[in-house]
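One structure below.
Number of protein chains: 2
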Amino acid sequence: MPQANRQIVLDQLPQGKLAADHFRLIEGEIPQPAEGEALIRTRYVSLDAANRAWMQGATYRSALDAGQVMAGGALGEVVDSRDPSLKPGDLVWGDVGWQEYASLPARRLSKLPAMEPLTHLLSVYGVAGLTAYFGLLECGRPKPGETVVVSAAAGAVGSIVGQIAKIRGCRAIGIAGGEEKGRWLTDELGFDAAVDYKAGDFKKRLREAVPNGIDVYFDNVGGAVFEACLFGMNTFGRIACCGAVSQYDQAAPQHGPRGVPGLIVTKRLSVRGFIVSDFADRNDQALADLQSWVQSGQLKVQEDVIDGLENLPSALVGLLAGENRGKRMVKV
Amino acid sequence: MPQANRQIVLDQLPQGKLAADHFRLIEGEIPQPAEGEALIRTRYVSLDAANRAWMQGATYRSALDAGQVMAGGALGEVVDSRDPSLKPGDLVWGDVGWQEYASLPARRLSKLPAMEPLTHLLSVYGVAGLTAYFGLLECGRPKPGETVVVSAAAGAVGSIVGQIAKIRGCRAIGIAGGEEKGRWLTDELGFDAAVDYKAGDFKKRLREAVPNGIDVYFDNVGGAVFEACLFGMNTFGRIACCGAVSQYDQAAPQHGPRGVPGLIVTKRLSVRGFIVSDFADRNDQALADLQSWVQSGQLKVQEDVIDGLENLPSALVGLLAGENRGKRMVKV
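One line per chain: the protein sequences are V and W, in this order.
Counting from 395, one number per residue, gives the positions in the first sequence under my numbering.
Counting from 395, one number per residue, gives the positions in the second sequence under my numbering.
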């Protein structure tokens, strides 16, 4: 076993756009597990837009501070354990952070089954897949024949949301940046249409893509795209609020979308925010559904795996710029 | 029976603030009912912030046009009928408009029971009471011990919302303009506290009034008050969106409240818009509850009755300026 623990520290909190040089690679010690803890060897670190939101202030977790090892969910392997629930070789999920090794309390780690490929534990069977599943089905409550619009549609969550919408008999429209992503959504993943939010006539294109209006909007981005979809909602429509990536990579936004709360009243909308752990007691059913859809070929899994701990900063910066298709992660 | 029908016409659509001289009093003919219609003599016209919203554009009803008789819900008495469901002397509710007489299709009129005082049919047993009841209980879903905040708390709906919250064992906080309204809410209606949104330190006062955060926010106003409450919401809080009166008496608003959708996600809020007719199939239960609370003295009814059709324009302008306490109506 090596003696050094390569770690990436959040060197300074970004004031505006995040850049790779806000981070710094250091070598620390490999921590010994205390009683009740396990020593984890990191295998894959998940990249998520929320990583950036944590730098803006307290969210569903406390804010990040400059100087700390960058936080982040990861899949790891137990190499030493001082807790009876874990043994060497076990696979676990937890907030391991951007480092090769961490000692963490066993109660803050979730044991995962071995599977091939392991990466699916971070994508379709991980936070991304479960977020798509619960957000769409519980908050969006789509009915067959309805129109479902999802933003950041080529991302880890959005690409699954649109496919589940199709499985449930809905019309699925993806909003993504660029024509190429749009073609991938329609040609490879079976979305009915895609709309490029970077196009100058985005609002017009969106209207044309939803001739019968929007019944369910799964929002990953907030901002101008949220506003455009709000204006296109049908009476009694539902908006599932999953994230606001358009708002993360900057100082706190100065104002919110127009139409709030006026259109929420006149259209009688339900707008609901959630995070995936709110539904943890129903993970088994969700995983069973996701597995059956993957196995039948109805749900395609797209992953974007980058090699090397040292590439985590640029991988996150790129994710915020919309570079990835499907679930981005870094193999450590 | 008189030969003339005094009517108030919306002479021009307001571009900014509504004023009494946007209206004009005319004398028209008393219309004869066609087959299936009834001739209505107006008794009380309801004043509602929504009257102003109808001038901004289509809402849950089509927009108003300059030159038409001003629209508005009213209690009237059938004086002639060419429909078997209605007979002279019947009391009805409908969009009679600002005029002494109207002939309307019977299917667009709701028959009401005779009662003393008749005005309660426009306040606690009318749209205001039902809006408060369904908005709070169905959209807000308050649990005993929770903190409920309502804006426009001294208005027709707000004054009932806070009292129902108290009946249901909640802490009730009213937001209203001015110290005097606040005292009325706490001393007469039993609210636990009131916060003056016109005070310079409104946000600080609001925070102090809700030391345990806000579980349910019943929004009648939108804008800056909505934003302040959004920032004060507890995790899994609920916002019932009833109206946005702060946004009505102007051109369309330029932007919405900050924190949308970011705080909706991180706090996992449910934000739901509604109008009272969405729950019409449960009116009987609501009316039974409201009657029992009024009869037991738990729910106090405040009405603000102005005399004379010609005073409708100034009554609406005054309502938008927050002049009224409880349900404002004009006796015709």
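Just so it is clear, CB atoms sit at the ideal spot from N, CA and C, and this is done for glycine as well.
None of these values were measured; they are calculated from a predicted model.
*Sequence-distant residues of its chain with Cβ nearer than 6 Å to G616(W) (five each side left out)*: A638, S640, Q641
*What alpha helix (DSSP H) runs, 4 residues minimum, are completely inside the segment 643-685 of chain W?*
656-660
Are A526(W) and G491(W) touching if we call contact CB-CB under 9 Å? no
- Query: Which residue spans inside the segment 410-457 of chain W form an unbroken beta strand (DSSP E) run of at least 3?
  - Reply: 417-423, 431-440
query = Beta carbon of D474(W), beta carbon of A432(W): below 9 Å?
reply = yes
- Taking Cβ positions, are A443(W) and G534(W) nearer each other than 9 Å? no
Inter-residue spacing [alpha-carbon to alpha-carbon] between R400(W) and G410(W):
27 Å
* In terms of residue numbering, what span does the beta strand (DSSP E) encompassing K598(W) cover? -> No beta strand (DSSP E) holds K598(W); the alpha helix (DSSP H) holding it covers 596-603.
>> Taking 9 Å as the threshold (C-beta atoms), are V695(V) and R437(V) in contact?
In response: no
Which residues in chain W sit within 7 Å of G616(V), going by Cβ to Cβ distance? P655, G656
For a contact defined as C-beta to C-beta under 7 Å, what are the partners of S456(V) on chain W?
The premise fails here: S456(V) is roughly 12 Å from chain W at the closest Cβ pair, so nothing lies under 7 Å.
*asked:* I want to know whether the segment 499-510 of chain V touches the segment 567-578 of chain V - three or more CB-CB distances under 8 Å.
replied: no
Should F528(V) be flagged as near chain W, meaning a C-beta pair shorter than 9 Å? no
For the segment 648-680 of chain V, which residues have a CB atom closer than 9 Å to at least one CB atom of chain W, in sequence order? Q648, H649, G650, P651, R652, G653, V654, P655, G656, L657, I658, V659, T660, K661, R662, L663, S664, V665, R666, G667, F668, I669, D672
Just to make sure I have the definition right: I need the residues of chain V whose C-beta is within less than 7 Å of the C-beta of C635(W). Which are they? P655, I658, V659
*Quick one: does E621(W) have its CB under 9 Å from some CB of chain V?*
yes
Check: Going along chain V, which residues have a C-beta under 7 Å from D613(W)?
Finding: P655
Legend entry - alpha helix (DSSP H) segment containing C623(W), residue limits: 617-626
Checklist entry - With DSSP run on the structure shown, which of helix, strand or coil describes D581(V)? => result helix
Handout entry: Collapsed DSSP secondary structure at S475(W) in the structure displayed
Key = strand
- Cα-Cα separation between V551(V) and V542(V), rounded to whole angstroms: 14 Å
**Asked** V521(W) lies in the alpha helix (DSSP H); which residues open and close that run?
**Response** 521-528
Problem - Delimiting residues of the alpha helix (DSSP H) encompassing S517(V) - result: Run containing S517(V): none; DSSP gives neither H nor E here.
- Under a three-way DSSP split, which group does N399(V) fall into? strand
By the criterion of Cβ-Cβ separation under 8 Å, what are the contact partners of T525(W) in chain V? Chain V residues near T525(W): none, gap ~11 Å exceeds 8 Å.
Exercise. State the start and end residues of the unbroken alpha helix (DSSP H) segment that holds P499(V).
Key: Per DSSP, P499(V) belongs to no alpha helix (DSSP H); it is in the beta strand (DSSP E), 495-499.
Review point. Run through DSSP, which three-state label would K694(W) get?
Key: coil
- Query: Are A548(W) and I567(W) touching if we call contact CB-CB under 9 Å?
  - Reply: no
**Item:** Residues that A638(V) contacts on chain W, provided the C-beta gap is smaller than 7 Å
**Value:** P655, G656, V659
Practice prompt. Can you give me the start and stop residues for the alpha helix (DSSP H) that A550(V) sits inside?
Written response: 550-561
Residues of its chain near L515(V), where Cβ-Cβ distance is below 6 Å and the 5 sequence neighbours each way are ignored
L469, L506
Report the neighbours of Q641(V) on chain W: residues whose CB is nearer than 9 Å to its CB, in chain order. P655, G656
message: Can you confirm whether A447(V), when its beta carbon is compared against all beta carbons of chain W, has any partner nearer than 9 Å?
response: yes
- Query: In whole angstroms, what is the alpha-carbon distance linking A522(W) and A709(V)?
  - Reply: 54 Å
Q.
Taking the alpha carbon of V724(V) as the reference point, which residue from G466(V), F417(V), G529(V), E532(V) has its own alpha carbon closest?
A. G466(V)
>> Quick check: what's the CA-CA separation for R676(V) versus Y519(V)?
In response: 13 Å
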